[in-house]
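The next block holds one structure in the form of structure tokens; read it before the comments.
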Amino acid sequence: MSATATNRSALFIASCASLLVTSLSFGIRAGILNDLGVEFELSGAQLGQIAATAFWGFPVSMIIGGALVDKVGMKNLMRLAYLGHFVGIILTIFAGGFWSLWISTLFIGLANGMVEAVCNPLVASIYPEEKTTKLNQFHLWFPGGIVIGSLVAFSFGKLGLSWQMMMAVMLIPTVWYAIQMERMAFPVTERVKNAVSDSDMYKELLNPLFIIITIAMLGTATSELFINQYVDVLLKSVSDNAILILLITSGVMTFGRGIAAPVVKRFSTSGMLLFSAVFTTIGLYLMGTQSGSMLFVSAVIFGIGVTYFWPTMIGFVAIYLPKTGAVGMAVLGAAGMFAVSIYMRFMGGFYDELTLNLTQVEAGRKVIMTTLYIPVVLILIFAGIHFYIRKKHA
Numbered sequence: 559m560s561a562t563a564t565n566r567s568a569l570f571i572a573s574c575a576s577l578l579v580t581s582l583s584f585g586i587r588a589g590i591l592n593d594l595g596v597e598f599e600l601s602g603a604q605l606g607q608i609a610a611t612a613f614w615g616f617p618v619s620m621i622i623g624g625a626l627v628d629k630v631g632m633k634n635l636m637r638l639a640y641l642g643h644f645v646g647i648i649l650t651i652f653a654g655g656f657w658s659l660w661i662s663t664l665f666i667g668l669a670n671g672m673v674e675a676v677c678n679p680l681v682a683s684i685y686p687e688e689k690t691t692k693l694n695q696f697h698l699w700f701p702g703g704i705v706i707g708s709l710v711a712f713s714f715g716k717l718g719l720s721w722q723m724m725m726a727v728m729l730i731p732t733v734w735y736a737i738q739m740e741r742m743a744f745p746v747t748e749r750v751k752n753a754v755s756d757s758d759m760y761k762e763l764l765n766p767l768f769i770i771i772t773i774a775m776l777g778t779a780t781s782e783l784f785i786n787q788y789v790d791v792l793l794k795s796v797s798d799n800a801i802l803i804l805l806i807t808s809g810v811m812t813f814g815r816g817i818a819a820p821v822v823k824r825f826s827t828s829g830m831l832l833f834s835a836v837f838t839t840i841g842l843y844l845m846g847t848q849s850g851s852m853l854f855v856s857a858v859i860f861g862i863g864v865t866y867f868w869p870t871m872i873g874f875v876a877i878y879l880p881k882t883g884a885v886g887m888a889v890l891g892a893a894g895m896f897a898v899s900i901y902m903r904f905m906g907g908f909y910d911e912l913t914l915n916l917t918q919v920e921a922g923r924k925v926i927m928t929t930l931y932i933p934v935v936l937i938l939i940f941a942g943i944h945f946y947i948r949k950k951h952a
């Protein structure tokens with residue numbers, strides 16, 4: 559079966575399933591982070607290092623995958639993705655301490671990065687007429703999987719089931735998407751289809767607009783993923799249902815990405831990014847200053863803010879910087895995940911230091927309010943980009 563005859567809907571669904579596994583790894587791990595700390599007597603800094611491993615394994619894999627996808631083909635790289643997911647899940651289930659958790663998380667992080675490295679250019683290639691919309695709909699499975707993972711963690715916890723059983727749930731979609739990917743043929747990327755040379759592609763990476771959007775990605779990824787991954791630790795002392803805050807945020811993101819089509823029509827791509835930065839700032843401020851029921855209100859506002867960050871950043875590059883190809887998307891995503899890994903490791907130690915002199919409530923809020931500076935800076939960056947794009951395409 560040729561790539562051109564492949565049903566693009568089937569490819570899209572299989573891609574979504576692979577991203578579901580990626581997001582389950584974040585949602586379930588966020589839900590079991592405290593359990594891991596208790597069972598293996600891990601400090602906040604150690605938990606931060608373990609969680610951060612997935613975030614720096616992700617960019618390493620994305621860069622490698624982005625550079626190789628046009629050379630070895632999307633299908634071969636997806637094989638590495640599902641093998642990495644399977645091995646990482648099994649090693650986590652049988653982990654015995656810090657280092658085994660670290661290694662298993664690395665495998666999962668590498669697999670997650672490979673999924674992004676392949677599926678972003680895949681979606682852009684099979685839906686060239688609606689890139690931003692379809693990239694948002696593809697990426698709804700990231701918060702969607704976090705919703706599912708959080709529900710699994712919450713319900714399994716209430717039933718007294720082990721965290722190992724929670725991790726085992728991830729094997730189901732892993733095996734399913736592996737089987738589906740093996741059955742299908744894959745197209746070439748847009749860059750290959752449009753005959754853009756390697757030299758032209760790498761030259762485009764030096765475009766000032768690409769450099770600025772990559773710098774902005776450091777902030778958008780950190781604003782979204784650090785808070786979502788660490789919310790159970792930061793807010794557990796403020797709310798008995800801290801993981802439900804993650805559930806609400808992710809639910810809002812899933813819904814928002816699902817209705818991306820009319821939003822894209824109403825706002826420009828750059829306008830969506832500016833809108834997102836404003837709402838993220840408001841949501842984080844409320845999350846760091848409020849308690850009780852207002853925490854859930856803050857989760858909704860924060861969720862609205864970060865909904866369109868990641869997929870719209872990828873869509874921006876696909877639309878305005880198409881010559882960067884799969885490598886451009888990979889560099890963008892890798893930069894974001896690398897920033898999160900560094901920030902998470904730093905903030906894990908920062909949180910531990912704060913708890914020496916502050917209560918856990920005060921320390922958690924201090925971390926959130928420190929993070930608040932990031933979306934404030936993003937407002938300025940995206941305002942500049944928005945007006946530049948409007949002027950250029952007026």
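To convert, take the position in the sequence shown, counting from 1, and add 558; that gives my numbering.
All residues carry an ideal CB built from backbone N, CA and C; glycine is no exception.
Can you tell me the Cα-Cα spacing of residue i and residue j, whole angstroms?
{"i": "alanine 603", "j": "methionine 811", "result": "29 angstroms"}
{"i": "valine 727", "j": "lysine 949", "result": "50 angstroms"}
{"i": "threonine 870", "j": "isoleucine 859", "result": "18 angstroms"}
{"i": "phenylalanine 584", "j": "glycine 883", "result": "27 angstroms"}
{"i": "leucine 698", "j": "valine 919", "result": "31 angstroms"}
{"i": "alanine 572", "j": "glycine 646", "result": "20 angstroms"}
{"i": "valine 875", "j": "glycine 861", "result": "23 angstroms"}
{"i": "phenylalanine 509", "j": "asparagine 765", "result": "One cannot answer for residue 509 here, as it falls past the ends of the chain, which runs 559 to 952."}
{"i": "phenylalanine 940", "j": "lysine 716", "result": "43 angstroms"}
{"i": "phenylalanine 854", "j": "threonine 807", "result": "9 angstroms"}
{"i": "alanine 653", "j": "glutamine 607", "result": "16 angstroms"}
{"i": "serine 567", "j": "glycine 809", "result": "24 angstroms"}
{"i": "glycine 942", "j": "alanine 736", "result": "43 angstroms"}
{"i": "valine 822", "j": "tyrosine 866", "result": "10 angstroms"}
{"i": "threonine 917", "j": "methionine 852", "result": "20 angstroms"}
{"i": "alanine 561", "j": "alanine 818", "result": "For alanine 561, the predicted model reports a pLDDT of 46, less than 50, meaning its position is unreliable; a value from the coordinates is still stated below. Approximately 27 angstroms between the Cα atoms of the pair."}
{"i": "arginine 885", "j": "methionine 632", "result": "The sequence given here has valine at residue 885, not arginine. Those two C-alpha atoms are separated by around 13 angstroms."}
When DSSP labels each residue in this structure, what does residue i get in the three-state scheme?
{"i": "phenylalanine 652", "result": "coil"}
{"i": "glutamate 599", "result": "coil"}
{"i": "leucine 930", "result": "coil"}
{"i": "alanine 736", "result": "helix"}
{"i": "serine 976", "result": "The structure shown does not extend to residue 976, since the chain is modelled only from 559 to 952, so the question has no answer here."}
{"i": "methionine 728", "result": "coil"}
{"i": "serine 619", "result": "helix"}
{"i": "histidine 643", "result": "helix"}
{"i": "histidine 951", "result": "coil"}
{"i": "alanine 612", "result": "helix"}
{"i": "serine 708", "result": "helix"}
{"i": "threonine 772", "result": "helix"}
{"i": "tyrosine 685", "result": "coil"}
{"i": "asparagine 765", "result": "coil"}
Residue range of the alpha helix (DSSP H) that residue i falls in?
{"i": "asparagine 694", "result": "689 to 697"}
{"i": "methionine 742", "result": "Methionine 742 -> no alpha helix (DSSP H), and no H or E assigned at all."}
{"i": "serine 856", "result": "851 to 864"}
{"i": "valine 889", "result": "883 to 912"}
{"i": "alanine 818", "result": "818 to 824"}
{"i": "serine 828", "result": "827 to 847"}
{"i": "serine 757", "result": "756 to 762"}
{"i": "threonine 747", "result": "Segment: none, threonine 747 is in no alpha helix (DSSP H) and carries neither H nor E."}
{"i": "proline 869", "result": "867 to 878"}
Taking its Cβ as the centre, do 16 or more other Cβ atoms sit within 10 Å of residue i, making it buried, or is it exposed?
{"i": "proline 820", "result": "exposed"}
{"i": "isoleucine 932", "result": "buried"}
{"i": "glutamate 687", "result": "exposed"}
{"i": "leucine 635", "result": "buried"}
{"i": "methionine 559", "result": "Residue confidence for methionine 559 is low, a pLDDT of 41 falling below 50, so the modelled location carries little weight; the figure read from the coordinates is stated next. Its Cβ having fewer than 16 others within 10 Å, methionine 559 is exposed."}
{"i": "glycine 655", "result": "exposed"}
{"i": "valine 864", "result": "buried"}
{"i": "alanine 563", "result": "Annotation note: pLDDT 42 at alanine 563 (below 50); position unreliable, coordinate value reported separately. By the 10 Å Cβ count, alanine 563 comes out exposed."}
{"i": "leucine 680", "result": "buried"}
Is any heavy atom of the ligand ADP found at a distance shorter than 7 angstroms from the C-beta of residue i?
{"i": "serine 713", "result": "Looking at this structure, you won't find the ligand ADP or any other ligand, since it has none at all."}
Only counting the same chain, and skipping five residues up and downstream in sequence, which positions put a Cβ closer than 7 angstroms to that of residue i?
{"i": "glutamine 722", "result": "Ile651"}
{"i": "threonine 611", "result": "Trp660, Thr663, Leu664 and Gly667"}
{"i": "histidine 944", "result": "Ser828, Gly829 and Leu832"}
{"i": "phenylalanine 714", "result": "Met723 and Met724"}
{"i": "serine 899", "result": "Ala610, Phe613 and Trp614"}
Please work out which residues of its chain come closer than 8 angstroms, Cβ to Cβ, to residue i, disregarding the five sequence neighbours upstream and downstream, and give them in chain order.
{"i": "alanine 897", "result": "Met775, Leu776, Gly777, Ala779 and Thr780"}
{"i": "isoleucine 937", "result": "Leu832, Ala835, Val836 and Thr839"}
{"i": "threonine 913", "result": "Gly602 and Ala921"}
Excluding the 5 residues preceding and the 5 following residue i in the sequence, name in chain order all residues of the same chain whose CB lies nearer than 6 angstroms to its CB.
{"i": "threonine 580", "result": "Asn670 and Val673"}
{"i": "glycine 702", "result": "Thr812"}
{"i": "tyrosine 685", "result": "Lys692"}
{"i": "glycine 707", "result": "Leu582, Gly585 and Ile586"}
{"i": "methionine 620", "result": "Gly671, Glu674, Ala675, Ala888, Gly891 and Ala892"}
{"i": "proline 731", "result": "Ala575, Leu578 and Val579"}
{"i": "tyrosine 909", "result": "Gly602, Ala921 and Val925"}
{"i": "isoleucine 947", "result": "Ser828"}
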